[in-house]
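In the working numbering, the protein residues as written are 312 to 535.
Written below as structure tokens is the structure these notes are about.
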């Protein structure tokens, strides 16, 4: 596998499988998600700082909002998560778009016979809807969602499960991520991690092995 950026053209090690986060990595949903969480806090009259919303990125929604339950007396994390999902689907939310290079890369890897998986903090229903909208759901060998694990990112459980489903060692996989929680999960699993600056500045992604602006600069010419 070879990835390139303007500042660094050294190749990454050749790997056996490619594992992708979904939100912010294959589809840029972060503006919509952030707006939905902000709407939730505003609806309950709870102030929230920008850095607190930053911490929601890449994490299961129920786990992220659970850290703020003291500010929402009488409500459960599941109730608040469902309310935020309602805002996300409502009018006036930011539109989403594919991350540049995402669809082309997945199709190229599929054609080359590279095992593919998506590991997301979203639910299975949500992930399948988003992947189907991108036209890439049928390209995947495995899909691991919040419904399939007991511990979300930054725990490595999701990536370890995906590697087991693909029958590859974690150290033989490349993970593509966009958020610090996902990067930590990938590194704790033992995988090589390529981070994208789609939703976070490069300074927030220092735990990754490589940082790129998007997926247009990624090539994988040789199947394992």
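All residues carry an ideal CB built from backbone N, CA and C; glycine is no exception.
Query	Result
Below 8 Å, how does it come out for the segment 337 to 344 and the segment 398 to 414: are there three or more Cβ pairs, yes or no?	yes
DSSP has residue 330 in a bridge; who is on the other side?	428 and 486
Using a Cβ-Cβ cutoff of less than 6 Å, which residues in the same chain neighbour residue 350 once the five nearest sequence positions on both sides are dropped?	398
Could you have a look at residue 453 and say whether DSSP puts it in helix, strand or coil?	strand
Do you know offhand how far residue 377's Cα is from residue 389's?	9 Å
With C-beta atoms as the reference, is residue 536 less than 8 Å away from residue 429?	Outside the displayed range of the chain (312 to 535) lies residue 536, so it cannot be described from this structure.
Looking at the unbroken alpha helix (DSSP H) that takes in residue 414, where does it start and where does it end?	413 to 422
In the DSSP assignment, the alpha helix (DSSP H) including residue 475 goes from what residue to what residue?	468 to 477
Rounded to a whole number of angstroms, what is the C-alpha to C-alpha distance between residue 485 and residue 396?	30 Å
Give me the residue from 514, 475 and 464 with the minimum Cα distance to residue 375.	464
Note down, in chain order, each residue of its chain lying with its Cβ closer than 8 Å to the Cβ of residue 318, except the 5 sequence neighbours on either side.	Low confidence applies here, because residue 318 scores a pLDDT of 36, under 50, leaving its location unreliable; read the following figure in that light. None.
What's the C-alpha gap between residue 385 and residue 402?	27 Å
Please confirm whether residue 508 and residue 522 have their CB atoms less than 8 Å apart.	yes
Which residue's Cα is closest to the Cα of residue 490: 517, 469 and 473?	517
Would you decide whether residue 482 is buried or exposed? Buried here means 16 or more other CB atoms lie within 10 Å of its CB.	exposed
Residue 506 bridges to which residues according to DSSP?	488 and 522
Identify the continuous alpha helix (DSSP H) that holds residue 362 and give its terminal residues.	361 to 365
So, using beta-carbon positions, are residue 470 and residue 506 closer together than 8 Å?	no
Assign residue 462 to one of three DSSP states: helix, strand, or coil.	coil
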